[in-house]
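I have placed the structure first, in the form of structure tokens, so that the comments after it can refer back to it.
There are 2 protein chains.
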Amino acid sequence: MILKLAQSRKTIRKFKPEIPPLKNLLYAIETAKEAPSGMNYQPWKFIIINDQHIKNKIRNICEKAEKTFYENSKGILKDFLLKNNINWKKEFLSEAPYLILVFADRRAPFSKESTWLSIGYMLLALEEKKLSTVTYTPPNIKEISELINVPKIFSLEAILPIGYSDDLKEKLNRKNLNEIVFFNKFNKFDKEE
Amino acid sequence: MILKLAQSRKTIRKFKPEIPPLKNLLYAIETAKEAPSGMNYQPWKFIIINDQHIKNKIRNICEKAEKTFYENSKGILKDFLLKNNINWKKEFLSEAPYLILVFADRRAPFSKESTWLSIGYMLLALEEKKLSTVTYTPPNIKEISELINVPKIFSLEAILPIGYSDDLKEKLNRKNLNEIVFFNKFNKFDKEE
């Protein structure tokens with residue numbers, strides 16, 4: 001049942017060193033590639049990384065840029081980061097057994113939309129295989145793409161570290177249905193917004 | 001099994017007049033709202049439309065703009081549209097029993113990414129309930145948003161007509177795994193691209 005799977009699935013940033021079977025990652029990508037896409041272009045490409053040397057380099061590239069980002073963050077963003085214990089350190093990039101880098105072909109119509117829709121498919125398939133991840137959006141995609149020879153027509157949309165969860169945190173709360181669903185018009189609109 | 005669901009799911013543009021239970025649409029939205037989102041902002045809003053008068057108006061607004069779009073389309077886009085028998089007429093907007101309009105709060109970080117990821121969840125939940133749809137991206141979102149009183153901070157990302165399929169077409173082909181998956185580097189890169 002999809003709803004149960006969606007409800008049990010939560011974002012994980014800490015992984016056990018145990019290496020999951022590669023076939024389960026391929027299962028998730030096989031699911032993702034069934035997603036619809038603009039003009040059936042199927043703009044997605046996936047790079048699976050398990051080479052420790054490359055993982056370390058990706059982590060270094062990201063942390064350098066994250067440091068600057070965190071130093072400059074303020075307001076509700078800063079509060080959210082502090083409260084959720086998120087900082088510039090991205091251990092998961094070198095410690096997760098696998099990284100899946102997700103790219104979108106910039107030439108495709110609705111390239112970003114289609115690719116993120118397929119990531120939705122992928123997350124549920126990973127959950128089914130008891131694999132955890134976070135949809136990490138790296139700050140400096142150009143350097144990473146160059147490191148692994150990715151042509152400029154592909155945009156790096158997300159890095160998904162994959163492994164078994166070593167994180168006991170609770171799933172963050174979701175809003176109630178009546179806060180997000182309206183009928184026929186936006187008439188029940190909350191004054192705050 | 002998620003893979004089977006993803007494989008059986010296909011885009012549908014023609015619907016039976018039979019009205020599905022509203023609770024199955026809400027089930028799909030309940031699933032969608034479990035998706036992760038930037039800063040857990042949950043930027044999505046869903047408007048369910050079954051008022052025939054509003055559906056007709058939305059269809060008129062869209063078809064007016066689609067007509068111009070199709071008159072100007074050329075090259076591979078035009079070929080794709082012709083081959084798949086897609087034209088400026090959007091019967092499904094008035095003929096599907098329900099429309100779900102999906103909005104993204106522009107103020108949220110990664111608003112578009114998060115919302116399309118949640119649409120991925122939604123499509124699989126709809127498939128589980130034997131409901132069909134197409135992720136239609138309307139050409140003139142401003143007019144539609146005004147029609148149903150949606151504040152400018154929300155961007156209309158997609159209209160999903162919902163109903164039982166009355167379309168016998170085959171699912172469009174997907175690429176093979178080895179065309180979209182690479183290991184550690186983009187080294188198996190096809191010369192064409």
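Line by line, the protein sequences give chains A and B.
Heads up, the first sequence is in our numbering, so the first residue is 1 and it goes up one at a time.
Heads up, the second sequence is in our numbering, so the first residue is 1 and it goes up one at a time.
For each residue, glycine too, the CB sits at the ideal point set by N, CA and C.
Here the structure is a predicted model, which means the values were calculated and not measured.
query	result
Cβ of Q52 (chain A) within 8 Å of any chain B Cβ	no
Short CB-CB distance (under 8 Å) between S118 (chain B) and chain A	yes
Helix, strand or coil at Y136 (chain B) [DSSP, three-state]	strand
Three-state secondary structure assigned by DSSP to D166 (chain B)	coil
Reference Y27 (chain A), options A:I12, A:E71, A:F46, closest by Cα	A:F46
Bridge-paired residues (DSSP) for P109 (chain A)	Paired residue(s): none; P109 (chain A) is not in a bridge.
Whole runs of the alpha helix (DSSP H) within the stretch 51 to 136 of chain B, excluding any shorter than 4 residues	52 to 72, 75 to 83, 92 to 95, 111 to 128
Check whether E113 (chain B) and W88 (chain B) have beta carbons under 8 Å apart	no
Alpha helix (DSSP H) segment containing K45 (chain A), residue limits	K45 (chain A) -> not in any alpha helix (DSSP H); beta strand (DSSP E) instead, spanning 44 to 49.
Minimum Cβ-Cβ distance from P36 (chain B) to chain A less than 8 Å	yes
Within-8 Å CB hit, N187 (chain A) to chain B	yes
Simplified DSSP state of A35 (chain A), which is helix, strand or coil	coil
Counted within 10 angstroms of its Cβ, other Cβ atoms place E30 (chain A) as buried (16 or more) or exposed	buried
Strand pairing of L26 (chain B), partner residues [DSSP]	Answer is none; L26 (chain B) lacks a bridge partner.
Among B:F186, B:K175, B:V102, nearest to Y41 (chain A) - alpha-carbon criterion	B:K175
Own chain residues within Cβ distance below 8 Å of F69 (chain B), not counting five before or after	W88, P139
Candidates B:L147, B:L25, B:E146: closest to L124 (chain B) by CA position	B:L25
Neighbourhood of L22 (chain B) by C-beta distance below 7 Å, restricted to the same chain and skipping five residues each side	none
8 Å contact criterion, which T222 (chain A) and I86 (chain A) should meet: CB distance rounded	Only positions 1 to 193 of chain A appear in this structure, which leaves residue 222 (chain A) out of reach.
Pair within 8 Å by beta-carbon distance, I100 (chain B) and L5 (chain B)	no
At least 3 beta-carbon pairs within less than 8 Å: the stretch 150 to 160 of chain A vs the stretch 105 to 122 of chain A	yes
is_contact[L3 (chain A), chain B] using C-beta, thresh 8 Å	yes
Simplified DSSP assignment, three categories, for I159 (chain A)	strand
Rounded straight-line distance, which links the Cα of N72 (chain B) to that of R59 (chain B)	20 Å
Contacts that L77 (chain A) makes with chain B (C-beta to C-beta distance below 8 Å)	M39, P109
Proximity test, Cβ basis, 8 Å: E44 (chain B) and chain A	The sequence as given places Trp at residue 44 (chain B); Glu does not occur at that position. Chain A, which has a Cβ nearer than 8 Å to the Cβ of W44 (chain B), makes this yes.
Neighbourhood of Y121 (chain B) by C-beta distance below 6 Å, restricted to the same chain and skipping five residues each side	T31, A32, A35
DSSP beta-bridge partners of F182 (chain A)	B:I47
Short CB-CB distance (under 8 Å) between K90 (chain B) and chain A	no
CB contact check: K194 (chain B) to chain A, cutoff 8 Å	What is shown of chain B runs 1 to 193, which leaves residue 194 (chain B) out entirely.
Pairwise C-alpha distance: A96 (chain B) and S165 (chain B)	10 Å
Among A:K130, A:K129, A:T135, nearest to S118 (chain B) - alpha-carbon criterion	A:T135
6 Å CB neighbourhood of E170 (chain A) in its chain, flanking five on each side removed	none
Check whether I206 (chain B) and F183 (chain A) have beta carbons under 8 Å apart	Here chain B has residues from 1 to 193 only, and residue 206 (chain B) is not among them.
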